[in-house]
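Worksheet for the structure shown next.
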Amino acid sequence: MRAMQRILTSGLPFMKMHGLGNDFVIVDARAHSVEITPDLARGIGHRQFGVGFDQLAVIENGESDAHLVFYNADGSTSAACGNATRCIARFLMEETGKSDLTLTTERGTLYARDAGDGLTSVNMGPPQLDWHEIPLAEEADTLELPIEGGPTATGMGNPHCTFFVEDAEAIPLTEFGARYEYHPLYPERTNVQVAQVIGPDHIRMRVWERGVGITLASGSSSCATAVAAARRGLTGRKVQIDLDGGTIWIDWREDGVWMTGPTCHVFSGTLTPEFLRTLG
């Protein structure tokens, strides 16, 4: 309550960042705690009445370099957000001068590093491949689910459902994604990907994120798709993935799934007390 009263008086500073068009509002709560309610997250996330974002991320103090908490545009929480993690890692590297970081999330401990040429890498950890870890509502073959199209289920701290298709551009993603996000086999809903294999190390992918809708990119979805493609023998474990917002590189190694790509700090600002009071 005290944290909310403070921001209602002085406003709430934030950064707007994106990774390949997957855009985020970042709140740095290390100096002053910030209480994020579902109403506050939804209000900031509204693209007409607020700032707009695919995810909201909060940087908190922790035993590592920082602890990260993620919210979707509908106010729900997410244990993982790969591109937001890369954006925050780049911000913290520039702030501290470090080239390697340790970050904690609900997903677990993640490691980030400067990959050179303005690129940032994050190890998203080992994929979750068992049905109860993802989780699914009942036991099923995660390699080919009993769903039309035989998609693959993967957990990356959040659930994913990857459809391999002949032409990713031909899929009506708004209808398709909304339909499968709420499939009864996924009790916590799911992110949905449509992926077209271009070659043994090259995938074209489009993304529907749970609680958000169509996004130009998604880090965890890219990791899940790369894992699914390798498990099905469609690609190797190191792939280039072309998304609507640009290209990301995924490398499924023994220590986890590494993702590498660009980030951008677009601007910094302050949410006014006037705006915040409208959110209750």
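Per our numbering, the sequence shown starts with residue 439, numbered consecutively. The beta-carbon is built from N, C-alpha and C at its ideal position, and this holds for glycine as well.
According to the DSSP assignment, Ala-633 belongs to the beta strand (DSSP E) that extends over 629–637. Within 10 angstroms of the beta-carbon of Thr-600 lie 16 or more other beta-carbons, which makes it buried.
Tyr-618 sits in a helix when the DSSP states are folded into three classes.
The three-state reading of DSSP puts Ser-559 in strand, counting E and B together. Straight across, the Cα-Cα distance linking Pro-622 with Glu-533 is about 44 Å. Proximity to Met-594 across Phe-705, Ser-516 and Leu-530 peaks at Ser-516, based on C-alpha coordinates. The Cβ atoms of Gly-699 and Trp-687 lie closer than 9 Å to each other. If you look at Phe-713, you'll find it isn't in any beta strand (DSSP E); it sits in the alpha helix (DSSP H) that goes 711–715. Ser-537 has its alpha-carbon roughly 17 Å from the corresponding atom of Asn-521. Nearest in C-alpha terms to Phe-602, of all of Gly-671, Gly-513 and Ala-479, is Gly-671. Setting aside the 5 residues that flank it on each side, Glu-544 is surrounded in the same chain by Ala-517, each with a C-beta closer than 6 Å to its C-beta; the list follows chain order.
Every unbroken stretch of the alpha helix (DSSP H) spanning 4 or more residues and falling wholly within the region 441–495 is given here in chain order: 476–483.
Three or more Cβ pairs drawn from the region 605–619 and the region 644–659 lie within less than 8 Å of each other, which places the two stretches in contact. Restricting attention to Gln-678, Leu-611 and Ala-633, the CA atom closest to the CA of His-640 is found in Gln-678. For Val-704, the three-state secondary structure derived from DSSP is strand.
Contact between the region 653–667 and the region 447–461 is present, with at least three C-beta pairs closer than 8 Å. Boundaries of the alpha helix (DSSP H) harbouring Gly-520: 520–534, taken from the DSSP string. Counting along the chain, the unbroken beta strand (DSSP E) around Val-645 starts and ends at 640–647. Inclusion of Met-697 and Arg-524 in the CB contact set at 9 Å is warranted, their separation being smaller than that value.
With respect to the 9 Å criterion, Thr-540 and Ser-502 are classified as neighbours on the basis of their beta carbons. Rounded to the nearest angstrom, the Cβ distance from Thr-558 to Thr-708 is 26 Å, too far for a contact under 8 Å. The secondary-structure analysis by DSSP pairs Asn-510 across a beta bridge with Gln-493.
Beta-bridge partners assigned by DSSP to Asp-680: Arg-642 and Thr-685. Bounds of the alpha helix (DSSP H) holding Gly-657 are 657–669.
Per DSSP, the unbroken beta strand (DSSP E) holding Pro-597 starts and ends at 597–602. Each of Ile-445, Thr-580, Ile-526 and Phe-487 was checked against the Cα of Leu-506, and the nearest Cα belongs to Ile-526.
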